[in-house]
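Here's the structure, in structure tokens; my notes come after.
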Amino acid sequence: VFDCPVYLSSDDRVWLVEPEPRPNNLIRRFIEGDGAEYSIPNRDGEDIGVKAIKVGGHFPGSLVLLHDSRLLVADTLMPTPAGLGDWGDRERPKGMNSFAFMWSYPNMIPLPPPTLASMWRVLGRYSFTAVHGGFPGLDIESKDVKKRVWESMGIQVGAERGGDGGELFAEEFGLMFPQ
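Note that our numbering numbers the sequence shown so that position 63 is 56, with each residue one more than the last.
Right, dumping it as structure tokens:
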């Protein structure tokens, strides 16, 4: 319909029910490998600074887009109502998340800590100052938004395992927030 390529993770190929719509003009572009990154060109094949990044999550092939320090996440990570507040000069209350990481949103089943660690190993390599969710109004723009993703992962790990989530997350998986 739009005559534009659609980028998918090769892990999600099993979910496709329709054959390639134009076999001679491939519309589907598959991204291969864990933590893979693919630069999306314009129609002339020039790099325009848009990257599709395989993060994994509630689907092994979940992708996000990164452009101009803006991360478009759909529901791979979900901005929460608590994350949308403007705290001004005040510090955010300890234990208040900005993002949720779910295996099933309708059933409220969280992703397990090892999956969060795998996601962070990919996301931690990139710089971003905004996260745009898959639904209207779920956008967080802040110079510390990457740190808030890290903290939210720690909060979720702590809720599942007990204790200080950030320390558990860092110790159990050998991860650190990049300075």
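The beta-carbon is built from N, C-alpha and C at its ideal position, and this holds for glycine as well. All values reported here derive from a predicted model rather than from experimental measurement.
- Runs of the beta strand (DSSP E) lying entirely within the stretch 41 to 125 and spanning at least 3 residues, in chain order: 56 to 60, 63 to 67 and 95 to 97.
- Contact holds between the stretch 85 to 101 and the stretch 134 to 145, because three or more Cβ pairs, one in each stretch, are under 8 Å apart.
- Valine 10: not part of any beta strand (DSSP E); DSSP gives it neither H nor E.
- In the structure shown, isoleucine 20 falls within a coil segment according to DSSP collapsed to helix, strand and coil.
- Exposed is the label assigned to proline 12, since fewer than 16 other Cβ atoms lie within 10 Å of its Cβ.
- Note on isoleucine 133: 16 or more other CB atoms within 10 angstroms of its CB, so buried under the neighbour-count rule.
- For serine 32, the beta-bridge partners assigned by DSSP are Lys44.
- Taking a cut-off of 8 Å on C-beta distances, the stretch 115 to 128 touches the stretch 53 to 69, as three or more cross pairs fall below it.
- The residue among Lys139, Gly42, Trp80 and Phe23 with its C-alpha nearest the C-alpha of methionine 112 is Lys139.
- Contact annotation: lysine 44 and serine 32 have beta-carbon atoms nearer than 8 Å.
- Distance from the CA atom of proline -2 to the CA atom of aspartate 82, rounded to whole angstroms, is 44 Å.
- Ranked by Cα distance from threonine 108, the first of Glu84, Leu77 and Gly50 is Gly50.
- When the alpha-carbon of alanine 75 is set against those of Lys87, Thr69, Ala67 and Asp68, the nearest one is in Lys87.
- Rounded to the nearest whole angstrom, the CA to CA distance from glutamate 164 to aspartate 40 is 38 Å.
- Nearest neighbour of glycine 127 by Cα position, chosen from Arg114, Thr73 and Glu160, turns out to be Thr73.
- In the three-state DSSP reduction, serine 2 falls in the strand class (E or B).
- Put simply, the backbone Cα of phenylalanine 52 is about 24 Å away from that of leucine 161.
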